[in-house]
Each structure stands twice: as C-alpha cells, then as structure tokens.
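For reference, the structure discussed in these notes is given below.
Number of protein chains: 4
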Amino acid sequence: MPGNTFGQLFKISTFGESHGLCVGCVIDGMPPNFCLSESDIQPELDKRRPGQSNLTTARQEKDQVKIISGVFEGKTTGAPILLLIDNEDKRPEDYLNFKDLFRPSHADFTYQAKYGIRDWQGGGRASARETVARVAAGAVAKKFLREKAGCEFLTFVESVGDIKTGLNYQEVKAGDIENSPVRCPDIAASQKMVELIEKIKAEGDSIGGVVFGVIKKMPAGLGEPVFDKLSADLAKAMLSIGAVKGFEYGSGFMASVMKGSQHNDEFYMANGQVRTKTNNSGGIQGGISNGEDIYFRVAFKPTATIAQNQNTVTLDGQAAVIKASGRHDPCVAIRGVAVVEAMAVLVMMDHFLRYKSLCKN
Amino acid sequence: MPGNTFGQLFKISTFGESHGLCVGCVIDGMPPNFCLSESDIQPELDKRRPGQSNLTTARQEKDQVKIISGVFEGKTTGAPILLLIDNEDKRPEDYLNFKDLFRPSHADFTYQAKYGIRDWQGGGRASARETVARVAAGAVAKKFLREKAGCEFLTFVESVGDIKTGLNYQEVKAGDIENSPVRCPDIAASQKMVELIEKIKAEGDSIGGVVFGVIKKMPAGLGEPVFDKLSADLAKAMLSIGAVKGFEYGSGFMASVMKGSQHNDEFYMANGQVRTKTNNSGGIQGGISNGEDIYFRVAFKPTATIAQNQNTVTLDGQAAVIKASGRHDPCVAIRGVAVVEAMAVLVMMDHFLRYKSLCKN
Amino acid sequence: MPGNTFGQLFKISTFGESHGLCVGCVIDGMPPNFCLSESDIQPELDKRRPGQSNLTTARQEKDQVKIISGVFEGKTTGAPILLLIDNEDKRPEDYLNFKDLFRPSHADFTYQAKYGIRDWQGGGRASARETVARVAAGAVAKKFLREKAGCEFLTFVESVGDIKTGLNYQEVKAGDIENSPVRCPDIAASQKMVELIEKIKAEGDSIGGVVFGVIKKMPAGLGEPVFDKLSADLAKAMLSIGAVKGFEYGSGFMASVMKGSQHNDEFYMANGQVRTKTNNSGGIQGGISNGEDIYFRVAFKPTATIAQNQNTVTLDGQAAVIKASGRHDPCVAIRGVAVVEAMAVLVMMDHFLRYKSLCKN
Amino acid sequence: MPGNTFGQLFKISTFGESHGLCVGCVIDGMPPNFCLSESDIQPELDKRRPGQSNLTTARQEKDQVKIISGVFEGKTTGAPILLLIDNEDKRPEDYLNFKDLFRPSHADFTYQAKYGIRDWQGGGRASARETVARVAAGAVAKKFLREKAGCEFLTFVESVGDIKTGLNYQEVKAGDIENSPVRCPDIAASQKMVELIEKIKAEGDSIGGVVFGVIKKMPAGLGEPVFDKLSADLAKAMLSIGAVKGFEYGSGFMASVMKGSQHNDEFYMANGQVRTKTNNSGGIQGGISNGEDIYFRVAFKPTATIAQNQNTVTLDGQAAVIKASGRHDPCVAIRGVAVVEAMAVLVMMDHFLRYKSLCKN
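Chains as they are written, first to last, in the working numbering: chain U, 1 to 361; chain A, 1 to 361; chain E, 1 to 361; chain L, 1 to 361.
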C-alpha cells in the first residue's frame, strides 16, 4: 500500500535517500535459472550516471551496483534480488541552508504536510537519485525480455525546450542516441540542444524536454483489459517519475483533433500475421498489445532547482528568499531517458509474466 | 492481478459485457455508517447515459442502478456494495456481421490474440459500456469526499476537434457544463462544437476531444511518494479509459518548453496556509497534494466505430471490408466527461483513505 | 485491503448478507476458453445447501446459482464471472428480538466495535451464508483443476464431538462421504455421529467437529517460498471460515511430540519420480508441493447459536438474557465440508496459475 | 505475487540466503516521526540469535542489525526502512556433500522441482536464517504497538516433545521466559525440557515442540471480516514459518469436542467495557478482536537436519545415504519463540494501520 513498490509479478521495491548510505531495490519475481551478473546491469546505470558532462549535475557518483542476494553461481534462483548502489559523493551540508525552507516546486512542503517530518538532505527520498534503483532493476528485466521475448527498447530525447528533432522514430539508431551528449539521435538538433542547455545553465536556469520511447517486437496479447491496460500501466510508470508532467502514446493528444476515418488503423495480412497499415494506436488496442511498435512521449518539466533568487516560506511560515548553490541538472530529461526506458521495461516485464500465467486453453 | 479491479483501500471490481445481462461493480472499502441510496448515484449515471441527444449514441438505456448489498436501513455497513445496472437496449444482432471480422482500432484483434476467444457482441467487455460501473462507484465516493473532506470536482469538455474553449478553468461554473449538450461551459464554443459534431456525424465519421478535470479543496498531504504518486495514479486512471490517448497535469506538455524560472511555483503565506503564487505544479508536488487545485487534461481519440467503409481482415486472415451500421457516439469525449470525473474521484477516495491510515505522530 | 477478496491470480470477491437480496461473488482471473455452465456449479452448492436433513438448519434455500457475466456461448472469455445466488427463505423478523443484543460468541459485538453499525438480520455479512459464494467459486476452479491438472479433492467429517472415524484417509471413497448424512465415510462412526447430533439438537445445544481434507495428484512445485507457502495459504483459507479454530497439515500438532528420526520422510525413486516413503510432510516441504498427497485437518467449534438461555449485554450496556429460537445447524462441521473443500480448491487454483507464470528457464 | 512480502499497510519484504552475504528486509509503511534506532531492534534479535547455549545450533552469529535507510536524525520519515544483518559464520563447505542430494523433509527437492535450480548452501532461501529479518521487522512494529496502542506480547515454549508446562498463560511472567534456556516459564518443566533436549541431541536426533503466544491489550475492532480475519492472518503468519505444522487459537482443536453451551463466551459489563466471562473465542470473534486476550498455539516439527543415516536420492535419481554433520538446533521451537512473536506483531501492526484507515463515521 505504501508507494515504494512497482509491479505485480515482477515486483520492485526501492529504498534509500539522496544523501543516505545507499540507494537500491529488491526485485521479487525474477524468473529462475537466468544468467545474471553486475556487468549486465552496470552499462544501464552508466547511461543515467551523473557527472558525465557539463550538461548534467556535477555530483560524482560511480553508481557501482552490487548484487547482494538472489544470484547463485551466476544464475538467478527465483529468490529476491537485492541490488545496492552506494552514495559516494554525498554533500548533505549543501542543504543545511534549506533545512527550514520549502524549495519551490520541490516536494519539501508536501512531504512535511504528509509526514510531519522530512529528510532535508537533497530531498531525501523525493530526490531523482531514487531512480538509480529503477534503472538497475530495469537492466535485469531488459536482459530477460531481450533474450526470452526478443524485445527491444529505444528511448531518446525528442525535444529540449523548443528545439525538436524532425526524425521519425523509425529512422533512429541506438548508436546515434548514445553518441549524443543529450541523448538525441538527430545530430543537428542535438547540437542546438547542447547550445541551449549551456546558455540556460549559464543563466542559472533550467529547461524542460520531451523523451520519446519505443518498444519493439513485443508479441500481441500483452496487457490486461479495463484497469490494467498496458497504456494505463505505462502512464502510471512514467508519471511516477518526479519531473514528468504528461504522457501520451500513439497519436496522443493529436488524436483529439482527428477524425475516426483518419485515425483508425486498418488491418491487413503480412506473412501470416495480422498487421495494421498505420499505427495511431501506438501498438496498443483496448489496452492490449497488437504486435506493432509501442511508442509514447513523456514530458519533463524544467529542473526545480535553479541558481536564481526565489521567494518562498520557512517551516514556521516566514517569508524567505532562496537561491540554490548545489549541483543540479540544467535539463533533467537527458538523464531521464534511462529512467523512462527502465520504467517501460518494468511494465513490459510484469505484463510478460502475467501473460504467461494466463493458461489460455 | 487480472485487470478488473481499481484501488487499494477503496477498491472497485467491475464486471459485465456490453450486450450481456447487466454491468456493475463491487465496492470494497466503503466507510461504514454513511447515508447512501440509489438516488445518490442515479444523477451521475444520468450524465453519462446514452441516448440523451442526437450527439450521442442512439442506444436507449435507463441505466437504473440497484444497490444489492452493503447498505442496511439507509446506511453503509462496511460490507461490500454490489451495484447492478441492467442492459435493456441490447442488440447483439447488430454485431452478427462483424462476428468474424476485426473492427479497426477496436480491441477485437487483441482480445482474440490474448484469450483465443472473444465476445463479439458490441465488444463485450472492451465496450465503453463497462464505464457505467465506474461512474456508479464514483458517485458513491464523490458523495463521501464532498461530505467528509469538503472536496469538489469540476470536469468539462475543453475541445472537440480544433474547437476549443478560451475559458480559464477558474471561471467555469458547474451549471454551465450541465447546460451544454457537449458539456462545454463556454456557450460560444459549445455551439460550434455541436455544429462540428453534427457535420461529422452526417459524414458517418467521428471526432476526438479533450476533457479538462479539476479537483478542488483537497487537503495537502494526499498521495504516496515514488510509485503511487497522485499524478501517477491519476494518469493510470485516465489511461484505463478505452478511448484515452494522453494525460497531462498542471503545466503538462507545455512544461517541456519552459524554463525553471518560469515554471517554479513560489510559496507564500495566506491565512496561515502555505500557498503557491502560480500553480504549474497542478496541485501536486513530489506526487503529493499541496492543497492547491489539482487540474489535468485527458485526450480522447475519435470513436473507432464509423459508418464508412474500412479495410480489415477476418478471423481466418482473409481481407474484408467493414462498414458499421450500429449505434455509436460521434464524439466519445462528451460522455467521457462523467467517466473522467468518476476516475478522478476514485483515485482521490483511495488516497484519502490511505492518508487516514498513516498514523502520523 | 478490505477483507472480502481472496487470491492473487484467481481472485474471488464475495458480497451479500444473510437476509439481503442475494449472496454471490465475482471471479477475476478465470482462464479463457473453458467450458462452463451453471450445471457445473450447482452440484457443489447442493452439498452445502441447508435444509437437507434434520441434522442441518431448517432454512430452506434452493441455492440456485446464476452466471451473470464472463461466459459467452458456453465458454469463459477471460472476463470477470459474476455468480449470484438469491436468498429465498429470508426471515429477518427472527432476529428482531436480538437487534439490540450481542449474541454470545457471534460477531455482533466486534462488528459494532469496528464499524459503529451492524446489520442485525442473521449476522448480516458475518453469517455462514456468505460461504455459499465460496463454494460456487470453488466449483468453477475445481472443474478447471480436474480437467487441466488432473487434480482431485476429498473432504469429509473426521469427528463430531468425541466420535471419530478410525479410517485412514487413503481408504476413503468419495461415494461413502456422499452417502453419509454427516459426510463421514465410516458407516459405523457416521451412525453414531447422527445419534449424537440428534441428542445435542434435542437439548437445544450444538457440537463441534473436525473436517479432514485431501488434495491428490497436484504436481510438485506449487507454492511460493517464505510467506506465501502453500501451507500458509491453506491455513489462512481455513481460518477464514467463521467457525474454524484450528488447522494442521501432515503430522500437524503430533509433530510436536515426535523425533526427527521418526518424522523425516525419506526419499526414494518410483517410476522415475522422486517420492517419499512416509508423508508426515503432508505433501508440502518448504511451503511447496512435493507431489505427494496434501492432507490437513480443520477444527470447527460448536455453532454459537443455541436454544438455551445465555447471559449477555445490550447495545447500551444493560445485562440481558438471550435464547435463540431461529434456525441453526447443530453441527456446523457437516456443511463445513463443502466450504473447506472450496477453500482448498481456491488456494490450489491460485497457486496453479502462479506456477504457470514462473517462466522457469 | 512472489512470496517474499508480508502485510498490506505495514509491508515487509525479506531477502538473503543462509550462506550469502547477509539477510534483511525492507519495511514499507512505517509511520513517520517515530523514534527508532538499532538498539530498539537488537534485543529482539538477541533472543533468536544462534549459538547462545548448547541447546541451539553452534553457528556463531552476532546478528548485528544495521538501519540503512528510512531513519533520519533518529526518527522514521515514512520512507522504506532497509535493515541488514550480515552473515558472519558462513560455512557453505559444510553443505558440499549434500550438493546433489535431497535432504529428507527439507525444501531441497521442492525448490529443485519449482525452480530447476537451487542454492544448496544451507538451504539458501529456505533456511530458518531468513527469519532473522522477520524478527528485526517485528521489533520495529513491536515498539510502535507498545508505545502507541499500549499492546503487549507474551510468547513462550509450552511443550517440548511430551513435556508440557502446566502453567496457565495468565500466570506467566515475561522474566521467567527469558530466564529459561528453553523459553519455558515453568521452572520444573523447563528443567525437564533441557534434559530431554540434551538426550535427544546426544542421539543425533531432534524433537518437536509447541509455542504459545498471547497478545494483550489490543483494542476491540481490529481485523477484517471474511477472508482477512485476524485469526486467518495469524494462521498464515505462523504457517509461513518453515517448521510449523499447525495453528490453533482460543479453544482450538478442543472446540471440536465441546458443546455450544460450554464453548460460548457470555458477555458482561465491567468498568463500562463489554467483556466476556470466558475466553474460548481467544479474543477474536468473526475475525475481529473483541478486546480480550488473543492467544494461540503453534506446533513445531522436529528439526529436519539430524546426525543419523537417512535414505534419500540424488539429483539424478540415484539412491543415496545422507548423514548431517553440520550445525543445527535439536529443538527448533526454542528459537522459534522469537519468530512466532515477530509474526504475531507483524499481523497486529498491519491490522492496526488498517483499522486506522477505516474512517468510521
């Protein structure tokens, strides 16, 4: 009931605070007898890792993952997998000045209102650092889905502020995403994004962006009807990321200005498979995958932490001015790419196992 | 695990098919000793009811709700509440021709792929008729939240196709929504929407739209951190509605083009309350309510059923042409207003009870 | 969270009060494409049905089940199955005198303490009548397990008061159970039980008993480690029956006086299968089935309703005397046989589906 | 769905293997703003700790608990609490000889059947070492229940083999339990138990026992009707302990030979409270606490590991003989006392929070 667990059959429970000893998660429901080592997980963490360039936070974390349980002689046993990632570059003292202040558009005030207490060191549990654990768990599931279901994931930055790639997702290559410091596969757009972010950063400001996600080669039939639609679970997964303000899949908000005759995806046969000519459905119909690409967009707000003066109030209701001096990402969407992908993976993994439990006659 | 249940502490489980005997739900977790009768529920069902004007489906359903259990001498007892709504105007024969066809952008193919069998009568369980049960359950929770938490809900059509109200939600009055046949409180826009829908309908086509929702006077502190954020649960709730393609709250997708200095909501004190000057956060920070209005947008696609020829395939993989002659809504967003509101209510009710369980010291 | 749902992947939610309109349940998670009709369910309900002999309550209920949803053209579709059973022989007036009294060893006081309100008509939701719904759901699962897993269930009365069958469960035949009015397959013991119950009934009293359950031919590997052990879920299932005071499986309480050298079940091979020579483990080791018979005992207390004067207090705390004149079972264990079997079936069905979801490599 | 989580609102997820790096758990749902330190937990772990006397296993573990997250400046924050306990005295090599054997009445065979792989080092996840985590979590909840609900727990060994205390639980003092090396508060019985266990141990054998548990001063109204009865959840909790074969509460199996007129607990008033004269109900009626003492018995089987020759089979189906030389408890019920108490605490804590969420009007 408390909110730190995600998934039903592939269940992850995260823990740990931004400036505590470590962050991590327990994975319960990992299929047994599957080869798994830390080197399967580390590359995904490295994509999310802070301190990679001047476009992300200056916090230096190796984000080295340790598998503490659930793997025996290189294979999963079906037991819970505990993953730990130490916090190395902690600087709680950076937050001492904000101890009694509510940082605007952070969770300081709401945590105080809810719990009557809060860990003021870097937002504690509300920090984006919590997402390290999600990425680690996602890496485990991603390896499984790739090997057992042949499924592929592609996730990239579509826009930063008003700079947007003109590329269609079908043209995108995974390597081009990795080559871009802003995870945008469109070289020209990527360059402009870099310039924009550098300018924004110099102003002590931050900027929003949109992340685009694609799930390829999922079989038809995944997802549950009514409340646990694939689309509903993807939406929940994405909106559970702190800085995310919107989600759409397939035609998305554009669908609201379309006619049915434009929007409907006609069926045809190809190689004995039922296919759709267009894919406004975004690979999901009635909440269940139809075998086409699943694709979606996720809107990130600008980072709440900015190096400018802002008005706020103190714990005891006094007016105050706050100016962040700490380390932060000028555009959180960039490192958000890894988190969006991890969450998509976790949703698909859970539904893959649910699909397996169906006992279709 | 199967997908027909929503909520944790206020849990609804829906059942029933479009052309079966009835639809309905079981509510488990209703607080005891609360006055409840069918007349508390019926008005909400009447808002969603089909056959009200020529802008909605011609199916005639009274949608009369019956409380079968859980209420004793006019009060809830804490026992599960069974709500039943008969299907009166069933016409399964309308679907006989589509029995072996996959209707484009419906769930026919995906249900077949998932289950190996499907109820072809009006989409069976995938029909929007299932949402009657959600609206009935929502009516119960809405009465409770209004009386016990003083909370109010306002939900309306913001746009149909490219016609959009210019009204700010703060100017919207509940009565104006009810007076509009398209549930749009802006008289001028409403009239244009009516004209557009009539034109679209005459063409045998359908059109999308956007529904705007507002939750007022919720106390600060509702919602869970990390995965069960209020925003995440609202997103899931909305995307669980069949025709919905996107969700955003507060600044939404617009946040992606904004700077932090524009987007952040500064805090100030008013009447001893911590308030924010702006509300780009949409009343939710770190997944938890901050006491400001919670507002969001929900994108509806155009109805998949249209009276035009469309290409498709049959169950056994033959090319075919389909043309609907049945009854359908030219713009499903209109009746979607009641469903969006019900889902928002259900999310808030569940989090209200979770909040009560917190035992803050 | 509220307590009216059982199971994870095969989930039943019951509703309805003793003297309300009906009782029933929603089954969510039934595998699709499986033949199912009311005639598959009715025989199980008939075993539990009241009014069959003078050894059970005089309440006359046909307990005719209706399948309201989830079955299409004779087959399950994967959609929720609503089962309804009308209450026909309601006599709420029998309880008018007890309206403001707490009947001893009933749930009247605790429901009042918990909810601040209670349905005083026959115990409302706390009545054994609620178990009709469990038996109906169990019948559905039992058919599935029999046909798809080859599994068999055998459940009978082992003792009534101090009269006990000397039969080993392996000698018991299903037909002999059905032929006994007290569901005891041992003819001599059965006759003595009948006499005891008639005597007890004449005294206006009631008597306890023990029900013995066997699950045969379940494959090895069902059950989850740690908290969701098969044994733990069976224990919960049985103790969820109102009149049950104890549960043991395999060697049970006798294990507490045994040595390891007596108790351990040695392994050997037979027909390529790993088997155990003895079965003190009761077919479950480490919470997981080992392929041997699963067997257990369930202790029923004497019916709380008796036709003798008893001291109690009123709602407003006054001393009072109560004497039941209503209809009741002198030995609730007899009809409890059907409920115990249904609960065992529900546990096994749920774990069967969980087993299917495992994705063992 | 996987079985490593217990509880709904106070949720614990355990992880770790017997001879892995550590064992531990994540607690999700701990109320915020509550003082908590390692010294609150350690004393409970010390009660369960191995190596305390020659009556328990010779394995030497300090079982030092570390709070890794969820506590800030000495208080809980509402965030998940990670508890870690290192495995120090690991000797996986002790199990090398059993690597390809199925130890009788252990979980070796069933884990292999379920997962197709198993951690053979001391039973891996199926080891009683997993219960360290339960005791640690229980200590946290126990402190909360004591301080916030005034609730007390009393748990002791009632019998070892056929030696049984004649003490009524009401006469038992907590200190007498702690003073007994076998956790039996009856000095004479305790001494006989010690002698019996020493004799059994010398024979290379083991012996069963019964643990008695009492929960005092719980308010009336805890527990959920129907499936989540307090009694049902206690039964599940106890049967989730590996060596437990039976559970009964209140009159338990004795109820099966009693008449209603003997068994019913009459109500009376005392100090404005509704009380019962007798307590055959064991403090629970209709699954809900009535304010009287909750008491129950838990049957432990003899430890499966014995230092005698036993027949078994190998992984590839060959007959074999096994003789344990490792360290084990001759009577697992002794250290089981701490685990039984922890599980009782966890059940009550969860229902305490569920009770708080009820919103009774």
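For each residue, glycine too, the CB sits at the ideal point set by N, CA and C.
Could you have a look at residue i and say whether DSSP puts it in helix, strand or coil?
i, result
"asparagine 279(L)", "coil"
"phenylalanine 247(A)", "strand"
"glutamate 224(L)", "coil"
"leucine 145(U)", "helix"
"valine 152(L)", "The question names valine, but residue 152(L) is glutamate in the sequence shown. It is a strand residue."
"glycine 213(A)", "strand"
"methionine 269(A)", "strand"
"glycine 116(A)", "coil"
"alanine 235(E)", "helix"
"serine 325(E)", "coil"
"lysine 199(L)", "helix"
"leucine 39(L)", "Checking the sequence, you will find serine at residue 39(L) rather than leucine. Reduced to three states, the DSSP call for serine 39(L) is helix."
"glutamine 310(U)", "strand"
"isoleucine 241(L)", "coil"
"lysine 259(L)", "strand"
"valine 182(L)", "coil"
"valine 404(L)", "Residue 404(L) cannot be examined here, being either before or after the span of chain L that is shown, 1 to 361."
"glycine 24(L)", "strand"
"glutamate 341(U)", "helix"
Within a Cβ cutoff of 6 angstroms, which residues of the same chain sit near residue i, ignoring the five residues on either side of it in sequence?
i, result
"aspartate 86(A)", "Cys22"
"glutamate 224(L)", "none"
At a CB-CB cut-off below 8 angstroms, which residues of chain U make contact with residue i?
i, result
"arginine 354(E)", "Ser357"
What does residue i reach in chain L if we use C-beta pairs closer than 9 angstroms?
i, result
"aspartate 40(U)", "Within chain L, no residue comes near aspartate 40(U); the closest Cβ sits about 17 angstroms away, beyond 9 angstroms."
Using the beta-carbon of each residue, which ones in chain A are nearer than 8 angstroms to residue i?
i, result
"tyrosine 115(E)", "Pro32, Asn33, Thr77 and Gly78"
Which same chain residues, not among the five before or five after residue i, have their C-beta less than 8 angstroms away from its C-beta?
i, result
"lysine 75(A)", "Pro32, Asn33, Phe34, Cys35 and Leu36"
Please work out which residues of its chain come closer than 7 angstroms, Cβ to Cβ, to residue i, disregarding the five sequence neighbours upstream and downstream, and give them in chain order.
i, result
"glutamine 308(A)", "Gly204, Asp205 and Lys323"
"alanine 141(A)", "Phe10, Val345, Leu346 and Met349"
"valine 313(E)", "Phe102, Ala319 and Ala320"
Chain E partners of residue i, CB-CB under 7 angstroms?
i, result
"leucine 9(U)", "Ser357"
Name the chain U residues that come within less than 7 angstroms of residue i, Cβ to Cβ?
i, result
"glutamate 224(A)", "Pro2 and Gly3"
Tell whether a beta-carbon distance below 8 angstroms holds between residue i and residue j.
i, j, result
"isoleucine 27(A)", "alanine 149(A)", "no"
"glycine 252(U)", "glycine 252(A)", "no"
"valine 298(U)", "glycine 208(A)", "no"
"valine 182(E)", "arginine 48(E)", "no"
"alanine 220(E)", "glycine 291(E)", "yes"
"lysine 164(U)", "glutamate 158(U)", "yes"
"valine 337(U)", "alanine 243(U)", "no"
Chain U partners of residue i, CB-CB under 9 angstroms?
i, result
"lysine 360(E)", "Pro31, Pro32, Asn33 and Gly78"
"threonine 69(L)", "Inspection of the sequence shows that residue 69(L) is occupied by serine rather than by threonine. What serine 69(L) touches in chain U: Phe15, Gly16, Glu17, Gly20, Leu21, Cys22, Val23, Gly24 and Arg125."
In chain E, what lies closer than 8 angstroms to residue i by C-beta?
i, result
"isoleucine 288(L)", "Ala107, Thr110, Tyr111, Ala113 and Lys114"
"isoleucine 322(A)", "Under the 8 angstroms cutoff, chain E gives no residues; its nearest Cβ is about 21 angstroms from isoleucine 322(A)."
Which bits of chain C does residue i rub up against, with CB to CB less than 7 angstroms?
i, result
"aspartate 186(A)", "The displayed structure is made up of protein chains U, A, E and L, and chain C is not among them."
Contact residues within the stretch 12–27 of chain L, judged by C-beta distance below 7 angstroms to chain E: Correct list: Thr14.
Positions along the stretch 124–140 of chain A whose CB lies within less than 7 angstroms of some CB in chain U: So the list reads Arg125, Ala126 and Glu130, given in the order they occur along the chain.
Near-chain U residues of the stretch 74–106 of chain A - C-beta to any C-beta below 8 angstroms: Going along the stretch 74–106 of chain A in chain order, one finds Phe102, Pro104, Ser105 and His106 with a Cβ nearer than 8 angstroms to chain U.
Closer than 9 angstroms between beta carbons: that is the criterion. Which residues of the stretch 255–270 of chain A meet it against chain U? Correct list: Ala255, Ser256, Val257, Met258, Lys259, Gly260, Ser261, Gln262, His263, Asn264, Asp265, Glu266, Phe267, Tyr268 and Met269.
Please name the residues in the stretch 197–215 of chain L whose beta-carbon is closer than 7 angstroms to at least one beta-carbon of chain E, in chain order. Residues passing the 7 angstroms Cβ filter: Ile200, Asp205, Ser206, Ile207, Gly208, Gly209 and Val210.
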